[in-house]
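Novice: Reading the sequence shown from the start, the letters are residues -23 to -1, 1 to 486 in mature numbering (1 follows the signal peptide of the UniProt record, and there is no 0).
Built from N, CA and C at the ideal position, the CB exists for glycine as well.
Since the model is a prediction, treat every value here as computed from it, not as a measurement.
Let me begin by handing over the structure; questions about it come next.
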Amino acid sequence: MTRHQICLMAVTATSLLPFKCLSTIGSTACRLLHANTRTTYSRFSFLNQLKRLARIQFAAHHNSAEKLTFEKQPASWLFVNNTFGGLYGSHVNLELDLENRLSADNIKQLELILRRRGLPADLSSLVDDFTKLRALERQRNGLVSERNEIAEKLKQMKAEHQDHEPGYQAAAHELLTKLTSIKERIKDLQMIWDLEEQVMVRSLKLPNDIHPTTTDEESTVLREVNNLKGSAKTMSHIEIGKKYNLIKFSNVGPKAYYLKGALAKTELALMTSLVRYFQKHKFYFISGPEFFRTNIMEGCGLEVHNPTEVLTILDNVVTQIEPMIHLAGISTATFVAYVAKCCIGDNYLPLNMFSCGRRYQNSHLPGLYGANQTTQVGIFSCLLQEDLDKQFGTNIELIWNFLAPLGFPIRLTQVKAADLQLAERRRVEIQIYAPSLQKYIPIGNVSDLSDFVSRRLMVRHNQNHPDYRFAPMLHMISGTGVNVTALLAVWMEHSNTDLDKFCFLPLPV
């Protein structure tokens, strides 16, 4: 897509949707600002539908990294033991491969992964608890097997009418006494539930493996075009927006803003271009949710108690035990929620999807770079393990080939191990130079999740497998195709600001 094509689409964008819609975070109304005029309209936002039931607490309001505590919530909704769950237990069967990861042969490698990520690396207590848990499970399984054998024997004796034979009463009494004793011993082993919860909750916080290409010291620049080292600092997009009346920053919510005029039209044109671009490359366009239950967020490796990582809707009155609701928008969770607890046929793989819309996040960058609500395109691929590296490279090239022709200073960077998220094996970012910040910022990224999410949310693939419950785990690649809001800010800062009327920097053909 060239700049001339995008500019042409911007001219006709108003016929598609002649306004910029922004539901400001935490606000009580959604304002629609016409792209050509300054007339504003107000209507109830989709958030107001939850007003009587919930209030939204955002990390941006607190500016604190302190973890939140929630009422009537288990340590994890991916694993809920019987002593807590009651009628609402866990919805998934976890397969974390602990027998392999915590084995004597692999524990040193796992501790090295933790150190490389900057996480606590002492796993001795977890290994001890896991060893004790397995011993208790073997003991309990043995007692259950013995109990079932005695019950079956009693049933068989009665079926064969042995109750009329001499000595039956004594034999039956002996078996019943033994059965009662076994049941009491099984009951005494209910402590296993608490130990199992401790082990599983801590194991859920173990990170993914690290890909061999990921380094420890610094992020690696893999490719770079139009390097602008030492360039002079220019006017920021915030100043440009105010000077030319292109952005209205509002006090109705933290970092709330409206795009106006040419900026609103250009955003619409970019979104239209991106939809056509990904559809052309055989990605399925889906309409994803913006709200997610705790199960999905935890399955993506996110810490729901960390307000800088997850935005949570808090109920004013908590009357029952159930997963919370979180606001994320277009993200990995969008696609994970679509495939959770699914077994996908091999003939449909690789399954490539994308979605467009709002993304909600916390950031300390200024202006549109750090907006709590941005417009983004998310991409996602489900595939076989042997196709992972090939598809990972394909998705990178797909984003690069859209952004690089725009002519901005751009580079491809592989993120260092300490900056990876819990679910990521590796992440590559497509970064564009932001003159006002004097640094490169990520506009798109691609993350290799391997089977990390699948093991938590039961996502499998199957080709005539006799039992889909034991089919192989599906591997995943996630990412941001383009952060359109940040791209607009970069484009503004690279444009000419000396004229009376703002004009975007012309893009090369």
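#1: DSSP three-state call for residue 489: helix, strand or coil?
#2: In this structure, does DSSP put Tyr221 in helix, strand or coil?
#3: Taking the alpha carbon of Val202 as the point to measure from, which residue in Gln408, Asn460 and Pro386 has its own alpha carbon closest?
#4: Measuring alpha carbon to alpha carbon, tell me which residue in Asp428, Asn473 and Glu470 is nearest Leu71.
#5: Alpha carbon to alpha carbon, how far is Met248 from Leu87? Give it in angstroms, no decimals.
#6: At what residues does the beta strand (DSSP E) containing residue 493 begin and finish?
#7: Check whether the Cβ atoms of Asn324 and Ile454 sit closer than 7 Å, and answer yes or no.
#8: Let me know the secondary structure DSSP gives Glu201 once reduced to three states.
#9: What are the start and end residues of the alpha helix (DSSP H) that includes Ser427?
#10: How many whole angstroms separate the CB atoms of Leu96 and Pro184, which I take to be in contact at a CB cut-off of 8 Å?
#11: Closer than 6 Å by C-beta to Glu280: which residues in its own chain qualify, once you throw out the five before and the five after it? Chain order, please.
#12: Does the separation of the CB atoms of Arg403 and Asp425 fall below 7 Å?
#13: Is Ala411 helix, strand or coil by DSSP?
#14: CB-CB under 8 Å to Ile159, same chain, minus the five flanking residues each way: which ones, in chain order?
#15: On the three-state DSSP scale, how would you describe Thr271?
#16: In whole angstroms, what separates the C-alpha of Lys109 from that of Asn118?
#17: Given a cut-off of 7 Å on the beta-carbon distance, is the pair Ile407 and Gly384 in contact?
#18: Less than 7 Å between C-beta atoms, sequence neighbours within five positions excluded: which residues of the same chain meet that for Leu27?
#19: Near Ile163, what residues of its chain come up, given a Cβ to Cβ distance below 6 Å and the 5 sequence neighbours on each side ignored?
#20: By alpha-carbon positions, which one of Asn339, Ser250, Lys318 and Ala246 ends up nearest to Asn283?
#21: Less than 7 Å between the C-beta atoms of Gly276 and Val430, yes or no?
#22: Closer than 8 Å is the cut-off here; do at least three beta carbon pairs connect the stretch 327 to 336 with the stretch 352 to 372?
#23: Judging by CA-CA distance, which residue of Gln175, Ile263 and Lys318 is the nearest neighbour of Phe56?
#24: Identify whether Val436 lies in helix, strand or coil by the three-state DSSP scheme.
#25: Are at least three pairs of beta-carbons, each pair with one atom in the stretch 259 to 272 and one in the stretch 302 to 318, less than 8 Å apart?
#26: Answer yes or no: do Leu391 and Thr197 have a C-beta to C-beta separation smaller than 7 Å?
#27: Which of helix, strand or coil does DSSP assign to Val467?
#28: Within the same chain, show all residues whose beta-carbon is closer than 6 Å to that of Leu24, passing over the 5 residues directly before and after it, in chain order.
#29: Just the Cα atoms here: how many angstroms apart are Asn83 and Asp74?
#30: I'd like to know whether the C-beta atoms of Glu244 and Leu236 end up nearer to each other than 7 Å.
#31: Any chance you could list the beta strand (DSSP E) runs of at least 3 consecutive residues sitting entirely within the stretch 370 to 397, in chain order?
#32: How many angstroms separate the CA atom of Val467 from the CA atom of Arg388?
#33: So, helix, strand or coil for Gly238, using DSSP?
#34: What residue range is occupied by the uninterrupted alpha helix (DSSP H) comprising residue 489?
#35: Just reading off the beta strand (DSSP E) that Arg446 is part of, what are its end residues?
#36: For Leu104, which option in Arg78, Glu114 and Asn441 has the closest C-alpha, if you only look at C-alpha atoms?
Specialist: Answer, in terms of the structure:
#1: Nothing about residue 489 can be read from this structure; the chain reaches only from -23 to 486.
#2: Coil at Tyr221, not helix or strand.
#3: Closest option to Val202, Cα to Cα, is Pro386.
#4: Measuring from the Cα of Leu71, the nearest candidate turns out to be Asp428.
#5: Here the alpha carbon of Leu87 sits roughly 42 Å from the alpha carbon of Met248.
#6: Here the chain covers residues -23 to 486 and nothing more, so residue 493 does not appear.
#7: No, they are not a contact pair.
#8: In the three-state reduction of the DSSP assignment, Glu201 falls in the strand class.
#9: No alpha helix (DSSP H) contains Ser427, which is instead part of the beta strand (DSSP E) from Lys416 to Ser427.
#10: Right, their Cβ atoms sit about 7 Å apart.
#11: So the qualifying residues of the chain are Glu286.
#12: Yes; because the gap between Cβ atoms is below 7 Å, this pair is in contact.
#13: DSSP places Ala411 in strand when its eight states are reduced to three.
#14: Closer than 8 Å at the Cβ level, and outside the excluded window around Ile159, lie Leu120, Glu123, Arg124 and Ile127.
#15: Secondary structure of Thr271 (DSSP, three-state): helix.
#16: The straight-line gap from Cα to Cα measures roughly 14 Å.
#17: If you check the CB distance, Ile407 and Gly384 do not come in under 7 Å.
#18: The pLDDT assigned to Leu27 is 36, lower than 50, so where the model puts this residue is not dependable; a value taken from the coordinates is nonetheless given after this. Exclusion of the five residues before and after Leu27 leaves Ile290 as the residues of its chain whose Cβ lies within less than 7 Å of its Cβ.
#19: Within the same chain, Leu120 come within 6 Å of Ile163 by CB-CB distance, once the 5 residues on both sides are set aside.
#20: Considering only Asn339, Ser250, Lys318 and Ala246, the residue with the shortest C-alpha distance to Asn283 is Asn339.
#21: Cβ distance < 7 Å, so Gly276 and Val430 count as in contact.
#22: Taking 8 Å as the limit for Cβ pairs, the verdict is that the stretch 352 to 372 does touch the stretch 327 to 336.
#23: From the listed residues Gln175, Ile263 and Lys318, the smallest Cα separation to Phe56 is found for Gln175.
#24: In the structure shown, Val436 falls within a coil segment according to DSSP collapsed to helix, strand and coil.
#25: Yes: at least three Cβ pairs fall under 8 Å.
#26: Sequence inspection shows Gln at residue 391; the Leu mentioned does not correspond to that position. Gln391 places its beta carbon less than 7 Å from that of Thr197.
#27: Judged by DSSP in its simplified three-state form, Val467 adopts helix.
#28: Note on Leu24: pLDDT 41, under 50, position unreliable in the model; the coordinate value appears next. A distance below 6 Å between beta-carbons, with the five flanking residues on each side excluded, links Leu24 to no residue of its chain.
#29: Spanning the two alpha carbons is a distance of roughly 12 Å.
#30: Against a cut-off of 7 Å, the Cβ pair of Leu236 and Glu244 comes out as a contact.
#31: The qualifying runs are 387 to 391.
#32: Distance between the alpha carbons of Val467 and Arg388 is about 14 Å.
#33: DSSP places Gly238 in helix when its eight states are reduced to three.
#34: Only positions -23 to 486 of the chain appear in the structure, and residue 489 is not among them; the question remains open.
#35: That residue, Arg446, is in no beta strand (DSSP E); it is neither H nor E in DSSP.
#36: Strictly speaking, residue 104 in this sequence is Val, with Leu absent from that position. Of the candidates Arg78, Glu114 and Asn441, the one whose C-alpha sits nearest the C-alpha of Val104 is Arg78.
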